[in-house]
Amino acid sequence: MLELKDYRTKVHNDWCPGCGDFGILNAVQMALFELKLEPHKIAVFSGIGCSGKTSHFVDTYGFHTLHGRVLPIATGAKLANTELTVVAVGGDGDGYGIGAGHFVSTGRRNVDFTYVVYNNGVYGLTKGQASPTLPKGLRTKSMPSPAIVQGINPIATAISAGYTFVARSYALDVRHLKETLKAAVLHKGSALVDVLQTCPTYNDINTKEWYSGADLPTKAPRLYKLEDTGYDGTVKNPDDTKEVNEKKGQAIMRSFEWGDKIPVGLFYRIQQPTFEDMLADRMPAYKEVPLVKQDVFHRDVTNLFESLT
Ligand code: SF4
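Its first residue numbered 315, the sequence shown is counted upward by one per residue in the working numbering.
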C-alpha cells in the first residue's frame, strides 16, 4: 500500500523559509499519491532555478536538466515511454524566458504530460532580476529600477499555442493546487498549470499579504476561483469551431484580469488527439509497444535497404 512518504525523498531542502515552492512541492507529491500512481511509473523533470530542485525532492524517476530545456526533455521521455506519467516543472524565467520557444512548440504538439510553472515574477536563484511575468513598470526590492519591458500572459500564450488544458492556481492554496494538478495529470494532452508563487526573499510586491488583499479597502482576497462563478472553460464539442473559438476567447479575456481581482482555476480544456495518437496512426507498432520496450538493436532492415537500392 503506497503512502505519501513514498513520494518524498530525504534530500536536504534549502529553499528560503516561507517560500511558496514548499506549497507547490507538497501539492505535487499529494496529487501523485492521491492518483495512486506508482512512483516507478512517474518521471519528474525540472529546469534551472529554485524550482529546479523539485526533481530532487519527489521520489520518482526524473532529472534536473538545463536552463529552459525541461520541455524537450519531458517530450522525449514521454514519446520514448508512453507508459510513464510525465511531469515537467520549472520557473517562469526558465519556461517563459529562455525556454519560450519550447513553451510554444509544446503546445503545438500536444504531447501527453503536465507542465507546472512556479511563477513568482523574479529570477530568485540569481538574486531577483525581473522575470518575463513581471508587469512593466513594477520594481521589486532587488531591482535598481522598474521593469521596462512588458510582462507576458502565460495563460493567453498557452491557449494561443495550443495547450489543451490551461489552468492557474496558487502555491499557498495547496488543496486547490493539488486538485488542479490531479485534473491536469489525468488530462490527455499537454497541460499547463501556472502557479502564482510567493518569493518572500525577492518579490516584495506579490506577497501573500498582497494576494490576500490586505492592502485593499475591502480587505477581500484578490484570488477568486473561476469554478465558483459558474465559468466553464471545457469545450463540449471539439469539432465545433464556433464553440472552440468562443471558449478560447472567454478564457483569454479572463486571463487578463489582474488587479484587485485575479482568477484561478481551469481556464480552458479541450480533448484533441495527442502527438502520440498521431504518431501511432503512422506507426501502429508505436502504440502497441513503447519505444523503450522495442528491440531496436535486432531489427531486420533488409526490406528497407532493398527499397533504397
Ligand atoms: Fe523561494 Fe525566492 Fe528563496 Fe527562491 S529566492 S527559494 S523562489 S523565496
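Glycine included, each C-beta is placed from N, C-alpha and C at the ideal position.
With a cutoff of 6 Å, Pro446 does not count as near the ligand SF4, since its C-beta is closer than that to no heavy atom of the ligand.
Relative to the ligand SF4, the beta carbon of Trp329 is positioned inside 6 Å of a heavy atom.
Apart from the 5 residues on each side of it in sequence, Val558 sits with its Cβ closer than 6 Å to the Cβ of Val549 in its chain, given in chain order.
Taking a C-beta distance under 7 Å as the contact criterion, Cys513 and Val463 do not qualify as a contact pair. Relative to the Cα of Val499, the nearest Cα in the group Gly390, Glu348, Pro331, Glu317 belongs to Glu348.
When C-alpha distances from Val507 are compared across Trp572, Asn395, Phe427, the shortest belongs to Phe427.
The alpha-carbon separation between Glu620 and Ile466 amounts to approximately 52 Å. For Asp335, the shortest separation between its Cβ and any heavy atom of the ligand SF4 lies below 6 Å.
In the displayed model, Thr399 falls within a strand according to three-state DSSP. For the 7 Å CB-CB criterion, Phe359 and Ala394 do not form a contact. The closest CA to that of Val488, considering only Pro587, Asp553, Ser474, Gly334, is found on Gly334.
Residues Ser526, Gly527 of the same chain have their beta carbon placed closer than 6 Å to that of Pro535, with the five preceding and five following residues left out of the count. Per the coordinates, the alpha-carbon of Asn340 lies some 35 Å from the alpha-carbon of Tyr600. Under a 10 Å Cβ-count criterion, Phe417 is classified as buried, with 16 or more other Cβ atoms of the shown protein chains found around its own Cβ. Comparing alpha-carbon positions, the option among Asp328, Pro386, Gly404, Leu351 lying closest to Ser365 turns out to be Gly404.
Asp328 places its beta carbon 7 Å or farther from that of Gly361. With a threshold of 6 Å, the Cβ atom of Gly438 counts as near the ligand SF4, since some heavy atom of the ligand is closer than that. With respect to the C-alpha of Leu398, the residue from Arg613, Asn434, Lys607, Leu618 having the closest C-alpha is Lys607. For Arg482, the uninterrupted beta strand (DSSP E) run begins and ends at 479-484, by DSSP. The continuous beta strand (DSSP E) containing Ser360 extends over residues 356-360.
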